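The structure appears below as structure tokens.
Residue numbers (this note's numbering): 411 to 487.
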């Protein structure tokens with residue numbers, strides 16, 4: 411939810427959409443676009459949002475935090 415450009419917790423109120431074939435969320439403040447897949451900012455490659463692996467299981471969303479230094483293991487199907 412943290413927007414690294416404004417330093418505010420507003421990404422959850424961002425606008426979701428498609429930008430050049432990539433599913434993104436746009437910051438509601440300064441309009442930077444972040445890929446939902448990996449959090450990468452499309453306007454500034456040095457910036458990335460923290461992301462989580464997620465799936466729906468029995469009607470509930472299950473998430474697992476990724477670590478900054480390790481490659482995430484896939485969630486079993």
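For every residue, glycine included, the Cβ atom is placed at its ideal position computed from N, Cα and C.
Since this is a predicted model, take the numbers as computed values, not measurements.
Take the Cβ of residue i as the centre, count every other Cβ of all protein chains shown within 10 Å, and call the residue buried at 16 or more, exposed below.
i	result
residue 467	exposed
residue 428	exposed
residue 433	exposed
residue 471	exposed
Pick helix, strand or coil for residue i, following the three-state DSSP scheme.
i	result
residue 423	helix
residue 415	coil
residue 436	strand
residue 471	strand
residue 460	coil
residue 480	Here the model assigns residue 480 a pLDDT of 48, short of 50, so the residue's position is not dependable, and the following value carries that caveat. Reduced to three states, the DSSP call for residue 480 is coil.
residue 450	strand
Who are the Cβ neighbours of residue i in its own chain at under 6 Å, not counting the five residues just before and after it?
i	result
residue 414	457
residue 459	444 and 449
Given a cut-off of 8 Å on the beta-carbon distance, is the pair residue i and residue j in contact?
i	j	result
residue 439	residue 420	yes
Report whether the distance from the Cβ of residue i to the nearest heavy atom of the ligand MG is below 7 Å.
i	result
residue 454	Because no ligand of any kind appears in the structure shown, any question about the ligand MG cannot be addressed here.
Flag this pair as touching only if the region 448-457 and the region 419-426 have three or more C-beta atom pairs under 8 Å; answer yes or no. no
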